[in-house]
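Going by our numbering, the residue at position 212 of the sequence shown is 214; the numbering climbs one at a time, nothing skipped.
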Amino acid sequence: MTIREVAELAGMCVGTTQNTVLPPCLIFAFVLTALTTGCGRSSQPPYLVYVTNEASGDLTVIDPNQPKAIATIPLGKRPRGIHASHGFLYVTLSGSPFAPPGVDESTLPPPDKSADAIGVMDLSQNKLVNKIFAGSDPEQFALSHDGKTLYASNEDASALSIVDVASGKLVATLPMGQEPEGVALSPDGKFIYVTSENDGTVSVVDTAVVKVVKTMKVGRRPRSVEFLPDGSRAFVTNENDARLTVIDAKRHEPLRPIQLGEGLRPMGMVINKEGSRLYVSTGSSKKVLVLDTSTEKVTASFEVGQRPWGIALSPDETMLFTANGPSNDISVVDVASRTVIRKVKAGDRPWGVIALQKK
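Quick look at the structure:
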């Protein structure tokens, strides 16, 4: 509310219906209250954006209404995957060296296995309060709906680690395909889908019996998985095929590919609460694609920045955020106009991003 708007409202308080005039002190109190309330709204964002920075080993906290970050929190080596549950933020940490595609891994330094963990940050304190061991080189993960169980992909060990969050104990380790990456929990909590970059597969884990019940071929270099809210279908990004694979998530069977266009490299995804629109980041293609999930057609695309990977929607779904690794920034996108309204500097190589409602 502007000062002019408040003044106009105050003027309305000088009533004419019954020839009454409010005392000046009441008018002043009204104006002061309105101004104070308005200022409170502008200075207290309803949500904050949290960004993992893989190379600088920290977390950037962003108020989307501000042109620069409001906090930087040290985490550990190579923070990547990020999720929140019950007042805590969980982040994968890895002591394995960077190994971009095409690099001879025999030339890399040895991994620092003491750095492998899931970092636990208390959102009320904005600081790291614990580290949980979740196998070797964790990259992405999922949390059970009650926040009690964590499922992490172990990229260099071709495994999925299952962890009891409260005790921090490793419950089980299941073999996966080579270079497992994306991990997603079905909406009913009964199954975990895990992608294998090298094998081009998705493994289906039954959470009740804690075992792999099926492995599906889906295409080259599958990166991430996103379920429809009703659990009927799942979508997998196939980076090297420039497509998505649609999966029947009830029968755990691939249905069909969705070709996205030559040269596009689909990476991360986020779906709206209604399940009608799927947003897909495309890495070196610099774009975000918008997929209508009912027709399975791309209805729009827009450029967001350098190699967008991590992607998230604001709680009210009016804004979208992408982590742009090479340029070390976050794009803030107005969803309605599909326009980048600002870019905010993060740390070195931002990887994952999440927007959380303030409590």
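Just so you know, even glycine gets a beta-carbon here, dropped at the ideal spot from N, CA and C.
**Q.** Proximity of P177 and A154 at Cβ, strictly below 8 Å
**A.** Taking the sequence shown and counting its residues from 1, the one referred to as residue 177 is at position 175. Taking the sequence shown and counting its residues from 1, the one referred to as residue 154 is at position 152. No, they are not a contact pair.
Q: Could you tell me how far apart the beta carbons of G78 and S126 are, in whole angstroms, since I believe they sit closer than 8 Å?
A: Taking the first residue of the sequence shown as 1, we reach residue 78 at position 76. Taking the first residue of the sequence shown as 1, we reach residue 126 at position 124. So it is not a contact: roughly 20 Å between Cβ atoms.
Q.
Contact defined as beta carbons within less than 8 Å: I believe E241 pairs with P268. What is the distance between those atoms, to the nearest angstrom?
A. Residue 241 sits at position 239 when you count from the first residue of the sequence shown. Residue 268 sits at position 266 when you count from the first residue of the sequence shown. Their Cβ separation, rounded to whole angstroms, is 6 Å, which keeps E241 and P268 in contact under 8 Å.
Q. Got a sec? Which residues, its chain only, sit under 6 Å from E7 by beta carbon, not counting five neighbours each side?
A. Sequence index remark: in the sequence shown, residue 7 carries index 5 (1-based). In this prediction, E7 has a pLDDT of 43, which is less than 50 and means its spatial position is unreliable; what the coordinates show is noted afterwards. The beta carbon of E7 lies closer than 6 Å to none in the same chain, with the five residues before and after it left out.
**Q.** Integer-rounded CB distance, given that V355 should sit under 8 Å from V53
**A.** Translated into positions along the sequence shown, residue 53 becomes position 51. Translated into positions along the sequence shown, residue 355 becomes position 353. Indeed, because the Cβ distance is near 5 Å, the residues count as touching under 8 Å.
Q) If L61 sits next to I75, beta carbons under 8 Å apart, how far is it from one beta carbon to the other, in whole angstroms? A) Within the sequence shown, residue 61 is the residue found at index 59, counting from 1. Within the sequence shown, residue 75 is the residue found at index 73, counting from 1. Under the criterion of beta carbons closer than 8 Å, L61 and I75 qualify as touching, at roughly 4 Å.
Q: Taking only the alpha-carbon atoms, compute the straight-line gap between V196 and A73 and give it to the nearest angstrom.
A: Your numbering for residue 196 matches position 194 in the sequence shown. Your numbering for residue 73 matches position 71 in the sequence shown. Cα to Cα, V196 sits roughly 33 Å from A73.
Q.
Runs of 4 residues minimum, wholly inside the region 275-322: which ones carry the alpha helix (DSSP H) assignment?
A. DSSP runs (the alpha helix (DSSP H)) wholly in the region 275-322: none.
Q. Which residue comes first and which comes last in the beta strand (DSSP E) that contains N55?
A. Locating residue 55 in the sequence shown gives position 53, where the first residue counts as 1. Under the DSSP assignment, N55 falls in the beta strand (DSSP E) whose first and last residues are Y49 to N55.
Q: Give every residue of the same chain whose Cβ lies closer than 8 Å to the Cβ of V335, excluding the five residues on either side of it in the sequence, and list them in chain order.
A: By 1-based counting over the sequence shown, the position of residue 335 is 333. Cβ neighbours of V335 beyond the five flanking positions: V290, F304, V306, M321, L322, F323, T324, T341, V342 and I343.
**Q.** Own chain, CB closer than 7 Å to G263, minus 5 neighbours either side, in chain order
**A.** Here residue 263 refers to the residue found at position 261 of the sequence shown. Correct list, in chain order: A244.
(Q) With H, G and I counted as helix, E and B as strand and the rest as coil, what does DSSP make of D148? (A) Sequence index remark: in the sequence shown, residue 148 carries index 146 (1-based). Three-state DSSP puts D148 in coil, outside helix and strand.
Q. Less than 8 Å separating the beta-carbons of I134 and V165?
A. Start at 1 with the first residue of the sequence shown, and residue 134 comes out as number 132. Start at 1 with the first residue of the sequence shown, and residue 165 comes out as number 163. Taking the C-beta atoms as reference points, V165 is found nearer than 8 Å to I134.
Q.
Taking the straight line between their C-alpha atoms, what separation do you get for P113 and M271?
A. Looking up residue 113 in the sequence shown gives position 111. Looking up residue 271 in the sequence shown gives position 269. Whole-angstrom Cα-Cα distance: 29 Å.
**Q.** Cα-Cα separation between G13 and K360, rounded to whole angstroms
**A.** Along the sequence shown, read from residue 1 onward, the residue named residue 13 stands at position 11. Along the sequence shown, read from residue 1 onward, the residue named residue 360 stands at position 358. Summary for G13: the model assigns pLDDT 47, below 50, so the residue's position carries little reliability; its value from the coordinates is reported in the next sentence. Distance between the alpha carbons of G13 and K360: 35 Å.
Q: List the residues that DSSP assigns as beta-bridge partners of N326.
A: Taking the first residue of the sequence shown as position 1, residue 326 is located at position 324. Bridge partners of N326: P310 and D331.
Q: Kindly indicate the opening and closing residues of the beta strand (DSSP E) around S138.
A: Residue 138 sits at position 136 when you count from the first residue of the sequence shown. S138: not part of any beta strand (DSSP E); DSSP gives it neither H nor E.
Q. If you run the structure through DSSP and keep just helix, strand and coil, what is K360?
A. Here residue 360 corresponds to residue number 358 of the sequence shown, with the count starting at 1. Three-state result, K360: coil.
Q) Do you know offhand how far P111's Cα is from G184's? A) Mapped onto the sequence shown, residue 111 falls at position 109. Mapped onto the sequence shown, residue 184 falls at position 182. Near 25 Å, if we compare the C-alpha coordinates of G184 and P111.
**Q.** Residues of its chain near L28, where Cβ-Cβ distance is below 6 Å and the 5 sequence neighbours each way are ignored
**A.** For the purposes of this step, residue 28 is identified with residue 26 of the sequence shown, where counting begins at 1. Its pLDDT being 46, under 50, L28 is placed unreliably in this model, and the value from its coordinates should be taken loosely. Cβ within range, chain order: n/a, list empty.
Q) For H147, does the count of other Cβ atoms within 10 angstroms reach 16, so buried, or fall short, so exposed? A) One-based indexing of the sequence shown puts residue 147 at position 145. Exposed.
**Q.** Reference K347; option with closest CA among L280, E298 and Q308
**A.** As a working mapping, residue 347 is identified with position 345 in the sequence shown. The shortest Cα separation from K347 among L280, E298 and Q308 belongs to Q308.
Q | Which of helix, strand or coil DSSP assigns to K70 | A | On the sequence shown, residue 70 is found 68 positions in, with the first residue counted as 1. Residue state, collapsed to three classes: coil.
Q) Run through DSSP, which three-state label would K115 get? A) As a working note, residue 115 is residue 113 in the sequence shown. Helix.
Q: Return the chain-ordered ranges of every alpha helix (DSSP H) run that is complete within the region 211-252 and spans a minimum of 4 residues.
A: At a cut-off of 4 residues, not a single continuous stretch assigned as alpha helix (DSSP H) sits fully inside the region 211-252.
Q: Tell whether a beta-carbon distance below 8 Å holds between A251 and S234.
A: Here residue 251 refers to the residue found at position 249 when the sequence shown is read from its first residue. Here residue 234 refers to the residue found at position 232 when the sequence shown is read from its first residue. In contact: A251 and S234 (Cβ atoms closer than 8 Å).
Q. In whole angstroms, what is the alpha-carbon distance linking V33 and K275?
A. Against the sequence shown, residue 33 aligns to sequence position 31. Against the sequence shown, residue 275 aligns to sequence position 273. Bear in mind that a pLDDT of 44 at V33, under 50, signals an unreliable position, so the model cannot answer this.
Q: Report yes if the CB atom of S163 is closer than 8 Å to the CB atom of A136, and no otherwise.
A: Along the sequence shown, read from residue 1 onward, the residue named residue 163 stands at position 161. Along the sequence shown, read from residue 1 onward, the residue named residue 136 stands at position 134. Pairing S163 with A136 gives a Cβ-Cβ distance under 8 Å.
Q: Could you name the residues of the same chain whose beta carbon sits closer than 7 Å to that of T203, not counting the 5 residues immediately before and after it, in chain order?
A: As a working note, residue 203 is residue 201 in the sequence shown. Cβ within range, chain order: G179, T217, M218, K219 and V220.
Q: Leaving out five residues on either side along the sequence, give the residues of the same chain with a beta carbon under 6 Å from the beta carbon of L230.
A: Numbered from 1 along the sequence shown, position 228 holds the residue referred to as residue 230. Short of 6 Å from the beta carbon of L230, and not among the five residues preceding or following it, lie these beta carbons of its own chain, in chain order: G277.
Q | Residue of K70, P66 and L152 minimising C-alpha distance to G83 | A | Here residue 83 refers to the residue found at position 81 of the sequence shown. The option with the nearest alpha carbon to G83 is L152.
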